[in-house]
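Numbering (this note's numbering), first residue to last: 3 to 85. Ideal Cβ placement from N, Cα and C applies to all residues, glycine included. Working notes, structure below.
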């Protein structure tokens, strides 16, 4: 039962992350809104949580690089968003 619950949680988190990823405004701009910043922060937190869950479910899997979101402004500076 617990394994199934964790698997369902992973699937739900993937759905939420996909929704954020598809709809977040990635255009270059001078200022980042508080809402966009929180969406990216939430996305990155959910990705980290999901990776831990997947590590528990599949401890022998080959681990790849985890992708997170960051902002790039019009000057091409990258602003990493940590969790």
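If I measure Cβ to Cβ from residue i and keep anything under 8 Å in the same chain, skipping five residues before and after, which residues do I get?
| i | result |
| --- | --- |
| residue 19 | 45, 48, 49, 52 |
| residue 55 | 8, 11, 12, 15 |
Give every residue of the same chain whose Cβ lies closer than 7 Å to the Cβ of residue i, excluding the five residues on either side of it in the sequence, and list them in chain order.
| i | result |
| --- | --- |
| residue 70 | 46, 49 |
| residue 15 | 48, 51, 52 |
From residue i to residue j, what does the alpha carbon distance come to, in whole angstroms?
| i | j | result |
| --- | --- | --- |
| residue 29 | residue 72 | 12 Å |
| residue 65 | residue 11 | 19 Å |
| residue 27 | residue 67 | 23 Å |
| residue 37 | residue 61 | 35 Å |
| residue 58 | residue 34 | 35 Å |
| residue 6 | residue 39 | 33 Å |
| residue 25 | residue 17 | 12 Å |
| residue 63 | residue 4 | 20 Å |
Classify residue i: buried if its beta carbon has 16 or more other beta carbons within 10 angstroms, exposed otherwise.
| i | result |
| --- | --- |
| residue 42 | buried |
How far does the alpha helix (DSSP H) with residue i in it reach, from first residue to last?
| i | result |
| --- | --- |
| residue 41 | 36-59 |
| residue 4 | 4-25 |
Sorted by chain position, which residues of the same chain lie with C-beta nearer than 6 Å to residue i's C-beta, five sequence neighbours on each side aside?
| i | result |
| --- | --- |
| residue 22 | 41, 45 |
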